[in-house]
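Numbers 0 to 384, taken from numbering that gives the first Met the number 0, label the letters of the sequence shown in order.
Notes follow the structure.
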Amino acid sequence: MKAVLQDKTYEELAALVAQAGEKPFRAKQLAEGLTQGKRISEIPVPAALRAALLEQFEDEPVRIERVFTAKDGTKKFLFALADGNLIEGVLMKYKYGNTQCVSTQVGCRMGCKFCASTLGGLVRNLSAGEILGQILAVNRAEGGVKDRRAVTNLVLMGSGEPFDNYDQVVRFLRNVTDSRGMGISARNISLSTCGLVPQMRAFAQEGIPLNLTVSLHAVTDRERARTMPVARAYSIREILDACAFYFEKTGRRYIFEYSLIAGENCDPAHAEALAELLRGRPCHVNLIRLNEVRERSLRATGEREAQAFLKALTARGISATLRRSMGSDIGGACGQLRASYVNGEEEPPMSQGSRKRTESCCGKRSRAPKGETANEESGEEEAQR
Ligand code: SAH
């Protein structure tokens, strides 16, 4: 595989252009073309420069392979990378703009028991430009232009653990927030981590004030370790301290993801313990009913229990919402869509019959619990918006 030109900062592009003996305005032209999602071969720079670039760099490092559209407008994308690896993402349409969920790795090595992305382990890290390339491709496909981007908000909640690919993710964040590129404000970006404490602390000092989201999913380290192996490396206490440090450095409140898993983490006592743990902290809790993954045995909690859990938190003064499900008539993203492709199941899961499925923003496909409809969960949108 050749290198990825979309990895480069604006200054690095300018240096490349200078090295090639071209005028400085060519750097701007190149950056604009790339930001429009163009292939190198489509950008009208002098032929010699284009040929030199194509020698060294992939013409199209991220290509949209398939698109699945839900009735509510949510789209799922399957992307092909230059080496043939597949990744996936989701575009959710809201009144205030469009949020794209991007992947940061092919697969994942964190091993969370409820997650589809980790089923085959980590294949490889994505480069900064491969993360950016997902957005450039979708923005172009959706008709985004310079002053009216089709992608306005980002969540790093697709496949992979962003902080397990720290350097490339930070490089990507610098590039995607650069006003000479996509210019997406850090305030419109959410990054979700399973709680890699040293990287959380390092990130607090990068000067990128995005919405930091931590996957908590439990109230004690012992219970957390049952579904999240990372809990053996870092305690909830250390995670909370790192969150406080993040707030101190950035002034941004932080968010906890809490997936409600039947018989695991959503008794009234859990709600009470969670409220106790988070009391007085500048944070928000995003509840989501587990999206059941075919290959895993964990089950979702019922809608009524989920509402009760939410009520128990808010009654104790904790800011919390139950996340609304989107795109419920198209299955399979973030792990499962890729998995079904890799396994040779050509069609998206929704076409396999009438079983109803729900999915989160991060698109973990699931079957809806018996007797419940697949969408219309709580009507709440994510907190950070
Ligand atoms: N590696 C990052 C990003 C993962 S995806 C992290 O761990 O935070 C974003 C969110 O979806 C995380 O909170 C993750 O725990 C959650 N998630 C993964 N699989 C899920 C499932 N089957 N049902 C509900 N939430 C799930």
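Cβ atoms here follow ideal geometry from the backbone N, Cα and C, with glycine treated the same way.
Review point. Based on Cα-Cα distance, which residue from Leu125, Asn124, Arg108 lies nearest to Met117?
Key: Here residue 117 refers to the residue found at position 118 of the sequence shown. Here residue 117 turns out to be Thr, not Met, going by the sequence shown. Among Leu125, Asn124, Arg108, the Cα nearest to that of Thr117 belongs to Arg108.
Check your understanding: Are Cys111 and Met227 close, meaning C-beta to C-beta below 9 Å?
Key -> Numbered from its first residue, the sequence shown carries residue 111 at position 112. Numbered from its first residue, the sequence shown carries residue 227 at position 228. Their beta carbons are under 9 Å apart, which means Cys111 touches Met227 by this criterion.
Exercise for review: Would you mind reading off the limits of the beta strand (DSSP E) that contains Tyr93?
Suggested key: What you label residue 93 is simply residue 94 of the sequence shown in a count that begins at 1. Counted as a single uninterrupted DSSP element, the beta strand (DSSP E) harbouring Tyr93 occupies residues 85-93.
Check your understanding: Given that a residue counts as buried once 16 or more other Cβ atoms are within 10 Å of its Cβ, and exposed if not, what is Lys1?
Key -> Looking up residue 1 in the sequence shown gives position 2. Lys1 comes out exposed.
**Study point:** Every unbroken alpha helix (DSSP H) within the stretch 210-295, with a cutoff of 4 residues, ordered by chain
**Key:** 220-226, 235-249, 267-277
**Study point:** the stretch 276-292 contacting the stretch 254-262, beta-carbon criterion three pairs below 8 Å
**Key:** yes
Exercise for review: Using 8 Å as the cut-off, classify the Cβ of Asn187 as near or not near the heavy atoms of the ligand SAH, replying yes or no.
Suggested key: Mapped onto the sequence shown, residue 187 falls at position 188. No.
Review point. How is the alpha helix (DSSP H) around Gly32 delimited, first residue to last?
Key: Working through the sequence shown from its first residue, we reach residue 32 at position 33. Element bounds for Gly32: 24-34.
Exercise for review: Taking only the alpha-carbon atoms, compute the straight-line gap between Gly132 and Gln5 and give it to the nearest angstrom.
Suggested key: As a working mapping, residue 132 is identified with position 133 in the sequence shown. As a working mapping, residue 5 is identified with position 6 in the sequence shown. Their Cα atoms are separated by approximately 7 Å.
Review point. By how many angstroms is the C-alpha of Lys27 removed from the C-alpha of Glu54?
Key: Here residue 54 corresponds to residue number 55 of the sequence shown, with the count starting at 1. Here residue 27 corresponds to residue number 28 of the sequence shown, with the count starting at 1. Between Glu54 and Lys27, the C-alpha separation is close to 20 Å.
**Study point:** Member of Ile39, Val144, Ser102, Arg298 whose CA lies at the smallest distance from the CA of Ser126
**Key:** Along the sequence shown, read from residue 1 onward, the residue named residue 126 stands at position 127. Measuring from the Cα of Ser126, the nearest candidate turns out to be Ser102.
Practice item. For the beta strand (DSSP E) holding Phe76, just list the boundary residues, first then last. Key: The sequence position of residue 76 within the sequence shown is 77, counting from 1. Per DSSP, Phe76 belongs to the beta strand (DSSP E) from 74-80.
Practice item. With Arg200 as the anchor, note down where its beta strand (DSSP E) starts and where it stops. Key: Position 201 of the sequence shown, counting from 1, holds the residue named residue 200. Where Arg200 is concerned, there is no enclosing beta strand (DSSP E), although the alpha helix (DSSP H) it sits in stretches over 196-203.
Exercise for review: Could you name the residues of the same chain whose beta carbon sits closer than 6 Å to that of Arg38, not counting the 5 residues immediately before and after it, in chain order?
Suggested key: Looking up residue 38 in the sequence shown gives position 39. Only Asp58, Glu59 meet the Cβ criterion.
Practice item. Have a look at Ala17 and Glu11 and give me their C-alpha separation to the nearest angstrom. Key: Position 18 of the sequence shown holds residue 17. Position 12 of the sequence shown holds residue 11. Going by the C-alpha atoms only, they are around 10 Å apart.
Check your understanding: Is there at least one non-hydrogen atom of the ligand SAH closer than 8 Å to the beta-carbon of Gly32?
Key -> The sequence position of residue 32 within the sequence shown is 33, counting from 1. Gly32: no, Cβ never under 8 Å from the ligand SAH.
Exercise for review: Using three-state DSSP, classify Ala382 as helix, strand or coil.
Suggested key: For the purposes of this step, residue 382 is identified with residue 383 of the sequence shown, where counting begins at 1. With a pLDDT of 34 at Ala382, under the threshold of 50, the modelled position of this residue cannot be trusted; read the value that follows with caution. Under the three-state reduction of DSSP output, Ala382 falls in the coil class, being neither helix nor strand.
Review point. Taking the C-alpha atoms as reference points, what is the distance between Lys22 and Pro45?
Key: One-based indexing of the sequence shown puts residue 22 at position 23. One-based indexing of the sequence shown puts residue 45 at position 46. Looking at the two C-alpha atoms, the distance is approximately 10 Å.
**Study point:** Distance between Val144 and Ala232 (C-alpha atoms, nearest Å)
**Key:** Counted from its first residue, the sequence shown places residue 232 at position 233. Counted from its first residue, the sequence shown places residue 144 at position 145. Cα to Cα, Ala232 sits roughly 44 Å from Val144.
Exercise for review: Keeping to the same chain, check which residues put their C-beta closer than 6 Å to that of Leu48; ignore five residues upstream and five downstream.
Suggested key: As a position in the sequence shown, residue 48 is number 49, starting the count at 1. Result list for Leu48: Ala19, Glu21, in chain order.
Review point. Excluding sequence positions up to five away, which residues of its chain have a Cβ less than 7 Å from the Cβ of His269?
Key: Counting from 1 along the sequence shown, the entry for residue 269 is found at position 270. Within the same chain, His269 has close Cβ partners Val218.
Check your understanding: Beta carbon of Ser214, beta carbon of Thr192: below 9 Å?
Key -> As a position in the sequence shown, residue 214 is number 215, starting the count at 1. As a position in the sequence shown, residue 192 is number 193, starting the count at 1. A contact, by the Cβ cut-off of 9 Å.
**Study point:** Three-way DSSP call (helix, strand, coil) for Gly96 in this model
**Key:** On the sequence shown, residue 96 is found 97 positions in, with the first residue counted as 1. Here Gly96 sits in strand by DSSP.
**Study point:** Extent of the continuous beta strand (DSSP E) run through Ile188
**Key:** Position 189 of the sequence shown holds residue 188. 188-192 is the span of the beta strand (DSSP E), which, as asked, contains Ile188.
Exercise for review: Keeping to the same chain, check which residues put their C-beta closer than 7 Å to that of Gly128; ignore five residues upstream and five downstream.
Suggested key: By one-based count along the sequence shown, residue 128 stands at place 129. Hits under 7 Å: Val3, Leu4, Gln5, Asp6, Pro60.
**Study point:** 9 Å Cβ cutoff met for Thr73 and Val89
**Key:** Within the sequence shown, numbered from 1, the residue matching residue 73 stands at position 74. Within the sequence shown, numbered from 1, the residue matching residue 89 stands at position 90. A contact, by the Cβ cut-off of 9 Å.
Check your understanding: For Phe246, which residues of its own chain have a beta-carbon under 7 Å away from its beta-carbon, when the five flanking residues on both sides are left out?
Key -> One-based indexing of the sequence shown puts residue 246 at position 247. Hits under 7 Å: Arg252, Tyr253, Pro281.
Point to revise | Straight-line gap, Met181 to Val175 (C-alpha atoms, nearest Å) | key: Here residue 181 is taken as the residue at index 182 of the sequence shown, counted from 1. Here residue 175 is taken as the residue at index 176 of the sequence shown, counted from 1. Distance between the alpha carbons of Met181 and Val175: 5 Å.
Review point. What does DSSP give as the partner residues of Thr68 in its beta bridges?
Key: As a working note, residue 68 is residue 69 in the sequence shown. Lys74, per the DSSP bridge assignment.
Point to revise | Residues near Thr8 by beta carbon distance below 8 Å, same chain, minus five either side | key: Within the sequence shown, the letter at position 9 stands for residue 8. Excluding sequence neighbours, Thr8 sits near Arg170, Arg173, Asn174, Asp177.
Review point. Around the Cβ of Gly250, are there at least 16 other Cβ atoms within 10 angstroms (buried) or fewer (exposed)?
Key: For the purposes of this step, residue 250 is identified with residue 251 of the sequence shown, where counting begins at 1. That one is exposed.
Exercise for review: Report the rounded CA-to-CA distance for Glu31 versus Val105, giving the unit in angstroms.
Suggested key: Working through the sequence shown from its first residue, we reach residue 31 at position 32. Working through the sequence shown from its first residue, we reach residue 105 at position 106. Those two C-alpha atoms are separated by around 28 Å.
Practice item. Identify whether Thr320 lies in helix, strand or coil by the three-state DSSP scheme. Key: Translated into the one-based positions of the sequence shown, residue 320 becomes position 321. Three-state DSSP puts Thr320 in a strand.
Review point. Of the choices Val122, Leu190, Glu41, whose alpha-carbon is the least far from that of Asn152?
Key: Your numbering for residue 152 matches position 153 in the sequence shown. Of the listed residues, the one whose Cα sits closest to Asn152 is Leu190.
Practice item. Find the nearest neighbour of Tyr95 within the set Asn187, Leu297, Gln204, Ala272, judged by alpha-carbon distance. Key: Residue numbering aside, residue 95 sits at position 96 when the sequence shown is read from its first letter. Ranking the options by Cα distance to Tyr95, first place goes to Asn187.
Practice item. Spatial neighbours of Phe202 within its chain, please: CB distance less than 6 Å, with the 5 preceding and 5 following residues excluded, ordered by chain position. Key: Within the sequence shown, the letter at position 203 stands for residue 202. The beta carbon of Phe202 sits closer than 6 Å to no other beta carbon from its chain once the five residues preceding and following it are set aside.
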